[in-house]
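Q: For what it's worth, numbering that gives the first Met the number 0 labels the leading residue of the sequence shown as 0, then goes sequentially.
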Amino acid sequence: MEKFKVIFKGKVFVAPAKELFYLEIRVFLEPKESAFNTTDYESNGSAKILNMVRQRIVMSSRYESNWVWRFISGDGSLWYKVIQAIYGSKFDLHVTDQPSIWCSILREVKSLKDSGFDFSSHCKKRIGDGSCTSFWYDIWLADAPLCVQFPRLFALELDKEIVVANKMGASSVSASFRRDVRDGAERQQWDDLSSIMNSVVLSSSKDRWTCDLSGDGEFKVKVIRNFIDDLFLPSSDVATRWVKFIPIKVNVFSWRARRDRLPTRVNLSRRGVLLDSHLCPLCNAAMEDVQHVFFRCDVARVVLRKICRWWDLDWQEICSFSDWDAWFLSFRLSSRLKSILEGVFYVAWWRIWRLRNQLVFDASPPNRSTIFDDIVSWSFLWCSSRCNRVFSWEYWLKNPYLISL
Ligand SMILES: [Zn+2]
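1) Which full runs of the alpha helix (DSSP H) of 4+ residues lie inside the region 132-196, going along the chain?
2) Just the Cα atoms here: how many angstroms apart are R240 and I351?
3) Cβ of D288 versus every heavy atom of ligand 1: is any distance shorter than 8 Å?
4) Sort out for me which residues DSSP pairs L278 with in a bridge.
5) Just grab the DSSP bridge partners of T209 for me.
6) Given a cut-off of 9 Å, decide if A164 and D128 are closer than it, judged by their beta-carbon atoms.
7) Is DSSP giving E316 helix, strand or coil here?
8) From R388 to W208, what does the alpha carbon distance come to, in whole angstroms?
9) Whole angstroms are fine: how far does the CA of F320 sit from the CA of R414?
10) May I ask you to check if the CB of D297 is nearer than 8 Å to at least one heavy atom of ligand 1?
11) Would the region 278-290 and the region 375-385 be scored as touching if the rule is three or more Cβ pairs under 8 Å?
12) Between R264 and chain D, is the shortest Cβ-Cβ distance under 9 Å, so that the two count as touching?
13) Please state whether DSSP places V52 in a helix, a strand or coil.
14) Which value, in whole angstroms, describes the spacing of the CA atoms of C318 and A84?
15) Return the CA-CA distance between V249 and W349, expressed in angstroms with no decimal places.
16) With a CB to CB cut of under 6 Å and the five nearest residues on each side skipped, what residues in its chain are close to E185?
17) Within the continuous alpha helix (DSSP H) that includes V359, where are the two ends?
18) Could you check what DSSP says for V242 in three-state terms: helix, strand or coil?
19) Go to S268, then tell me how far its alpha helix (DSSP H) extends in each direction, as first and last residue.
20) Please classify N366: does DSSP put it in a helix, a strand, or coil?
21) Buried or exposed for P399, going by 16 or more other Cβ atoms inside 10 Å?
22) Between C279 and ligand 1, is there a pair consisting of the residue's CB and a ligand heavy atom that are separated by less than 8 Å?
23) Taking the straight line between their C-alpha atoms, what separation do you get for D373 and V302?
24) Apart from the five residues on each side of it in sequence, which residues of its chain come closer than 8 Å, Cβ to Cβ, to Y345?
25) Quick one: what's got a C-beta closer than 6 Å to G216's C-beta in the same chain, skipping five residues either side?
26) So D206 and T132 are in contact, right, with Cβ under 8 Å, and what is the actual spacing, rounded?
27) Identify whether Y79 lies in helix, strand or coil by the three-state DSSP scheme.
28) Please find out if some non-hydrogen atom of ligand 1 comes closer than 8 Å to the beta-carbon of C282.
29) Going by C-alpha to C-alpha distance, which of L312, I82, F149 sits closest to Q187?
30) So for F390, helix, strand or coil by DSSP?
31) Between which residues of its own chain and N65 is the CB-CB distance below 6 Å, once the five residues before and five after are set aside?
32) My guess is that F134 and K166 are in contact by the Cβ rule of under 8 Å, so how many angstroms apart are they, rounded?
33) Would you report the Cα separation of I137 and G87, rounded to the nearest angstrom?
34) On the DSSP letters alone, give me the boundaries of the alpha helix (DSSP H) that D297 sits inside.
35) Taking 8 Å as the cut-off, does the CB of H291 come closer than this to any heavy atom belonging to ligand 1?
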């Protein structure tokens with residue numbers, strides 16, 4: 000990604016465009032090679048890049064956890080320092096109602112939390128020497144900060160920012176309380192805190208942040224993504240189907256489509272992504288879910304009907320993948336030929352989804368009229384090169400169901 004020079008607080012930095020997007024400050028930037036010219040900033044490349052990155056964010060709310068992780072774990076980057084300077088060091092106290100990128104990320108994270116996935120609760124401190132861990136605010140003992148687990152004791156604390164090392168180095172945990180612990184609920188909380196503090200042993204290593212969603216404690220976007228998908232996307236026990244006559248990418252695509260794992264607008268909204276419209280971009284007539292895109296949409300119906308005519312099959316109204324499975328089982332063809340036909344359908348769904356993406360993301364509208372021709376020619380190219388037998392393009396066009404394999 001292109002790098003830009005940035006002037007921030009009188010210093011010049013070179014940062015990738017992605018970083019700049021998250022800086023949240025009015026920066027003056029220019030492509031690296033050219034001279035600074037602040038007036039160009041408003042009208043030229045930066046707006047384009049910001050838009051591009053904005054689109055990527057909308058499409059992948061799952062990656063927002065990456066930025067939240069970077070903030071919580073204090074990765075020391077320029078971006079982290081800027082966000083901290085603007086919003087403060089306490090992540091959960093950051094405002095979310097301002098029209099800024101960081102606020103919109105936090106809003107998405109909050110929406111995920113309201114839907115049942117609280118990302119920050121999975122970010123924990125693994126204690127080493129205790130010098131970088133807030134005794135009360137960080138999650139380092141059990142699953143919540145001590146200020147939440149022991150609110151009455153926290154109310155007694157005079158030094159609310161105290162780190163674990165200082166607390167453990169003091170004569171008693173209560174040394175910095177404003178008065179002695181009284182009987183009743185306070186005493187109960189004191190006893191509970193004392194008992195879990197008995198297990199704490201500091202070491203010489205540094206404190207470090209871990210994410211408890213992955214086995215090794217490392218933060219990985221992929222793990223978070225899978226976790227969120229498992230939580231919010233419908234699961235399916237459909238057996239995996241694989242067609243060896245078409246490329247892996249088309250098979251994988253079809254596998255994702257059957258499991259409803261594509262970022263359709265309905266699925267994006269299920270994950271908490273805010274969208275202007277939930278309608279199918281191909282027809283603007285119905286909600287965009289996977290069954291609509293591949294079976295119920297007019298575009299898909301025309302394509303599927305043409306495939307049936309081409310293969311001399313009776314067309315039926317098919318509304319879902321399970322309908323398609325039943326229909327596909329109902330007629331007789333040799334198993335290899337049937338596998339090729341299945342591949343043709345996979346190629347068709349893949350092409351329809353590609354058309355949909357071109358419509359959503361490309362600047363100029365795609366050509367819809369070539370979609371069926373593309374399916375015929377691509378499936379010929381792939382199937383003929385993956386079969387041991389040779390068959391001609393003319394034969395493929397006229398009598399694919401008579402191909403002898
Ligand atoms: Zn549609």
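Glycine residues also receive a C-beta, built at the ideal position from the N, C-alpha and C atoms. Just so it is clear, the structure is predicted and the values come from calculations on it, not from any experiment.
A: Reading from the atomic positions:
1) You should have 145-148, 150-155, 163-168, 184-196.
2) Approximately 19 Å, taken between the alpha carbons.
3) The answer is no for D288.
4) Beta-bridge pairing links L278 to M286.
5) The secondary-structure analysis by DSSP pairs T209 across a beta bridge with K123.
6) Yes, the Cβ-Cβ distance between D128 and A164 is below 9 Å.
7) The three-state secondary structure of E316, taken from DSSP, is coil.
8) Using only the alpha carbons, I get a separation of about 58 Å.
9) Since the first residue shown for the chain is 0 and the last is 404, residue 414 is missing from the structure and cannot be characterised.
10) Correct: D297 has its Cβ closer than 8 Å to ligand 1.
11) Too few Cβ pairs lie closer than 8 Å, so no.
12) The question asks about chain D, but that chain is absent: this structure has only one protein chain.
13) Residue confidence for V52 is low, a pLDDT of 41 falling below 50, so the modelled location carries little weight; the figure read from the coordinates is stated next. It is helical.
14) For C318 and A84, the distance between alpha carbons rounds to 53 Å.
15) Rounded to whole angstroms, V249 to W349 spans 6 Å at the Cα level.
16) The beta carbon of E185 is closer than 6 Å to those of R151 in its chain, skipping five residues each way along the sequence.
17) Element bounds for V359: 334-360.
18) The answer is coil: DSSP assigns V242 none of H, G, I, E or B.
19) Run containing S268: 264-269, per the alpha helix (DSSP H) assignment.
20) Coil.
21) Under the 10 Å beta carbon count, P399 is surrounded by 16 or more other beta carbons and is classified as buried.
22) Yes, Cβ of C279 sits closer than 8 Å to a heavy atom of ligand 1.
23) Rounded to the nearest angstrom, the two C-alpha atoms are 11 Å apart.
24) Contacts found: V242, I245, V249, N250, F252, S253.
25) For G216, where only same-chain residues beyond five positions count, the Cβ hits under 6 Å are T209.
26) Contact holds; Cβ gap of about 5 Å.
27) The DSSP-derived three-state label of Y79 is helix.
28) Between ligand 1 and the CB of C282, the shortest heavy atom gap is smaller than 8 Å.
29) Answer by Cα proximity: F149.
30) DSSP places F390 in coil when its eight states are reduced to three.
31) Excluding the 5 residues flanking it on each side, N65 has same chain C-beta neighbours closer than 6 Å at V220, in chain order.
32) 5 Å between Cβ atoms; contact.
33) In the sequence as displayed, the identity of residue 137 is Asp instead of Ile. When rounded, the distance between both Cα atoms is 15 Å.
34) Where D297 is concerned, the enclosing alpha helix (DSSP H) stretches over 297-309.
35) Yes.
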